[in-house]
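For reference, the structure discussed in these notes is given below.
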Amino acid sequence: MRPGFDEPAPELYAERGASWWPVLWGPAFCLVGVVVELLRPGGMGLGTWVLVALAFTVGAAVWVRARRAIGAVLLTPFVLRQGREDLPVERIEAVTDVGAPVGAKVLGGGWSVPKGTTALPVRLDNGAVVLAWARDAQALRDALIRLLERPS
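Heads up: the sequence shown at position 82 corresponds to 82 in UniProt numbering, and the numbers run straight through without jumps.
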């Protein structure tokens with residue numbers, strides 16, 4: 001039974017791709033700059049530091065938002081989402097004893113698995129092997145095995 005639009009599917013495994021804390025780097029560096037400017041005569045002035053902090057914050061927010069979209073992993077009983085690509089779970093045939101052939105398609109649309117992640121070969125119902133990925137590939141593999149072994 002597939003949940004309705006107002007009833008979200010339970011998350012069996014999830015990675016968010018990035019956290020929001022890097023957005024604070026720019027303001028923190030600018031605060032250090034303001035302190036240094038206050039300790040010496042002259043300087044840029046508070047208004048300039050506020051503009052620099054705002055620019056750093058906006059740049060970091062755009063970067064984090066992109067990382068969260070591209071690097072997210074989500075497994076529900078119905079779909080495995082890798083970045084911007086969704087793979088219906090019903091298409092997954094096996095995740096154990098699957099070799100990774102050279103040139104296997106990487107889920108999520110990249111040429112290779114994202115930096116900091118480990119590839120997980122997955123055999124589909126048509127016999128093709130694709131590469132799923134996660135920071136904790138073993139936990140994703142275990143969640144997929146539990147899902148595939150569950151009676152329908």
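Just so you know, even glycine gets a beta-carbon here, dropped at the ideal spot from N, CA and C.
Where residue i and residue j are concerned, what is the direct C-alpha to C-alpha distance, given to the nearest angstrom?
i, j, result
"isoleucine 92", "tryptophan 25", "41 Å"
"glycine 110", "valine 32", "38 Å"
"aspartate 97", "tryptophan 49", "56 Å"
"methionine 1", "threonine 118", "Note that methionine 1 scores 45 on pLDDT, short of 50, meaning its location in the model is unreliable and no value can be drawn from it."
"glutamate 85", "alanine 28", "35 Å"
"phenylalanine 78", "leucine 87", "9 Å"
"leucine 51", "valine 23", "15 Å"
"serine 112", "valine 58", "28 Å"
Specify the secondary structure class of residue i as computed by DSSP and reduced to three states.
i, result
"alanine 9", "coil"
"arginine 65", "helix"
"alanine 134", "strand"
"leucine 107", "coil"
"residue 162", "This structure gives no information on residue 162, because the portion of the chain shown stretches from 1 to 152."
"arginine 40", "coil"
"threonine 118", "strand"
Would the beta-carbon of residue i be found less than 8 Å away from any heavy atom of the ligand NAD?
i, result
"alanine 128", "What this structure holds is no ligand at all, so the ligand NAD is not there to describe."
Label residue i either buried or exposed according to how many other C-beta atoms from any shown protein chain fall within 10 Å of its C-beta, with 16 as the threshold for buried.
i, result
"alanine 143", "buried"
"glutamine 82", "buried"
"residue 192", "Residue 192 is absent from the structure shown; the chain starts at 1 and stops at 152."
"arginine 141", "buried"
Thinking residue i and residue j are a contact (beta carbons under 8 Å), I'd like their distance in whole angstroms, please.
i, j, result
"leucine 148", "threonine 76", "The Cβ separation is near 14 Å, so there is no contact."
"cysteine 30", "alanine 66", "About 23 Å; that fails the 8 Å criterion."
"arginine 68", "alanine 94", "Not really, about 30 Å apart at Cβ, beyond 8 Å."
How do the region 129-136 and the region 89-108 stand: do at least 3 beta-carbon pairs fall below 8 Å, yes or no? A contact exists between the region 129-136 and the region 89-108.
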